[in-house]
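In terms of the working numbering, the sequence shown is residues 19 to 218.
Built from N, CA and C at the ideal position, the CB exists for glycine as well.
Since the structure comes first, as structure tokens, the remarks are kept for the end.
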Amino acid sequence: MHRRLLPSLLAWPLPALARGFLADDRAVALLREGGLNLYLRHGITDRSQIDSGRRGDRAGQRNLSPAGRAQAARLGEAFRTLGIPVAEVLTSEVFRARDTAELAFGQARVEPDLIADDYTPGDASEDARRVSRRLAEPVAGGNRVMVGHIVPLGLILGQSLSQAEFPEGAAAVFRPRGTGWEWLGVIRAEQLTRTAGLGD
Numbered sequence: 019m020h021r022r023l024l025p026s027l028l029a030w031p032l033p034a035l036a037r038g039f040l041a042d043d044r045a046v047a048l049l050r051e052g053g054l055n056l057y058l059r060h061g062i063t064d065r066s067q068i069d070s071g072r073r074g075d076r077a078g079q080r081n082l083s084p085a086g087r088a089q090a091a092r093l094g095e096a097f098r099t100l101g102i103p104v105a106e107v108l109t110s111e112v113f114r115a116r117d118t119a120e121l122a123f124g125q126a127r128v129e130p131d132l133i134a135d136d137y138t139p140g141d142a143s144e145d146a147r148r149v150s151r152r153l154a155e156p157v158a159g160g161n162r163v164m165v166g167h168i169v170p171l172g173l174i175l176g177q178s179l180s181q182a183e184f185p186e187g188a189a190a191v192f193r194p195r196g197t198g199w200e201w202l203g204v205i206r207a208e209q210l211t212r213t214a215g216l217g218d
């Protein structure tokens with residue numbers, strides 16, 4: 019497995035991580051408008067489980083914990099309660115991402131390039147480059163949700179991300195510009211569930 023930080027050539031100019039977390043009201047207003055690409059990190063996982071790197075082997079992967087499954091279900095309910103339109107859901111094939119997508123949105127299409135860096139059969143940096151191009155693609159009829167992992171997003175942004183900067187269940191929000199993307203900030207799952215009256 020190979021990975022290297024990308025130069026973020028598709029990004030509109032902005033300092034890395036300058037956007038931080040979006041305010042609750044700003045986040046909901048943006049998502050209700052639609053037309054955005056959301057890079058959603060999988061939900062809370064069971065840290066006692068160790069990733070084996072074996073694709074298709076649930077028992078050999080770090081999976082969602084009960085809290086993570088509940089978080090994903092609440093997140094989907096928050097989208098519906100708040101009237102946030104979803105046009106398309108893509109997901110990594112790794113089970114924690116697939117489960118997050120299905121629990122939140124009901125169905126999703128596996129996108130090979132969203133795979134976790136320690137599961138990819140190829141070059142993680144090239145996977146991330148292709149995802150970066152997808153983040154630049156406009157979307158009609160709602161928002162495009164892409165369920166993935168923390169390391170690939172760091173490769174896309176050109177900077178390693180800490181757990182505090184991009185926690186499990188959070189979404190990085192991108193405005194597609196066709197030839198590039200503008201990163202608007204990060205939304206924690208708890209921001210949306212709290213705003214929807216579903217608790218943290």
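Could you please give the first and the last residue of the uninterrupted alpha helix (DSSP H) stretch that includes Pro84?
Taking the first residue of the sequence shown as 1, we reach residue 84 at position 66. Taken as a continuous stretch (DSSP letters only), the alpha helix (DSSP H) holding Pro84 covers 84-99.
How is Thr63 classed by DSSP in three states: helix, strand or coil?
Translated into the one-based positions of the sequence shown, residue 63 becomes position 45. Correct three-state label for Thr63: strand.
Whose C-beta lies closer than 6 angstroms to the C-beta of Ala207 among residues of the same chain, with five residues either side of it excluded?
Sequence index remark: in the sequence shown, residue 207 carries index 189 (1-based). Gln89, Leu93, Gly187, listed in sequence order.
Check for me: the beta strand (DSSP E) holding Ile205 runs from which residue to which?
Residue mapping note: residue 205 aligns to position 187 of the sequence shown, counting from 1. Where Ile205 is concerned, the enclosing beta strand (DSSP E) starts and stops at 199-205.
Rounded to the nearest angstrom, what separates Trp201 and Ile174 at their Cα positions?
In the sequence shown, residue 201 corresponds to position 183, counting from 1. In the sequence shown, residue 174 corresponds to position 156, counting from 1. Trp201 and Ile174: Cα-Cα distance of roughly 11 angstroms.
Can you list, in chain order, the residues of its chain whose CB lies under 6 angstroms from that of Val107, leaving out five sequence neighbours each side?
Locating residue 107 in the sequence shown gives position 89, counting from the first residue. So the list reads Ala119, Phe123, Ala126, Val163, once near-sequence residues are dropped.
Who pairs with Phe192 in a beta bridge, going by DSSP?
Looking up residue 192 in the sequence shown gives position 174. Beta-bridge pairing links Phe192 to Asn55, Trp201.
Would Gly78 pass as a contact of Ser70 if the rule is Cβ separation under 8 angstroms?
For the purposes of this step, residue 78 is taken as the residue at position 60 of the sequence shown. For the purposes of this step, residue 70 is taken as the residue at position 52 of the sequence shown. In contact: Gly78 and Ser70 (Cβ atoms closer than 8 angstroms).
Could you say which of Gly74, Leu121, Thr99 lies nearest to Leu82 if we only look at CA atoms?
For the purposes of this step, residue 82 is identified with residue 64 of the sequence shown, where counting begins at 1. Residue Leu121 is the option with its Cα nearest to Leu82.
Kindly indicate the opening and closing residues of the alpha helix (DSSP H) around Arg152.
Here residue 152 corresponds to residue number 134 of the sequence shown, with the count starting at 1. Residues 142-153.
Tell me the residue span of the alpha helix (DSSP H) that contains Gly172.
Along the sequence shown, one-based indexing puts residue 172 at 154. For Gly172, the enclosing alpha helix (DSSP H) stretches over residues 168-175.
Tell me which residue opens and which closes the alpha helix (DSSP H) that Leu108 is part of.
The residue labelled residue 108 in the question sits at position 90 within the sequence shown. Looking at the DSSP string, Leu108 is not in any alpha helix (DSSP H); the run it does join, the beta strand (DSSP E), is 104-109.
Using beta-carbon positions only, say whether Val190 and Leu210 come within less than 8 angstroms of one another.
Residue 190 sits at position 172 when you count from the first residue of the sequence shown. Residue 210 sits at position 192 when you count from the first residue of the sequence shown. The amino acid occupying residue 190 in the given sequence is Ala; Val does not appear at that position. Not closer than 8 angstroms, so no.
Can you tell me where the alpha helix (DSSP H) with Phe113 in it begins and where it stops?
By one-based count along the sequence shown, residue 113 stands at place 95. Unbroken alpha helix (DSSP H) run through Phe113: 113-123.
Select from Ala41, Ala115, Ile133 the residue whose C-alpha is nearest the C-alpha of Arg87.
On the sequence shown, residue 87 is found 69 positions in, with the first residue counted as 1. Comparing Cα-Cα distances from Arg87 to each of Ala41, Ala115, Ile133, the minimum goes to Ala115.
For Ile168, count the other beta carbons within 10 Å of its own beta carbon; 16 or more makes it buried, fewer makes it exposed. Which is it?
The sequence position of residue 168 within the sequence shown is 150, counting from 1. Ile168 should be labelled buried.
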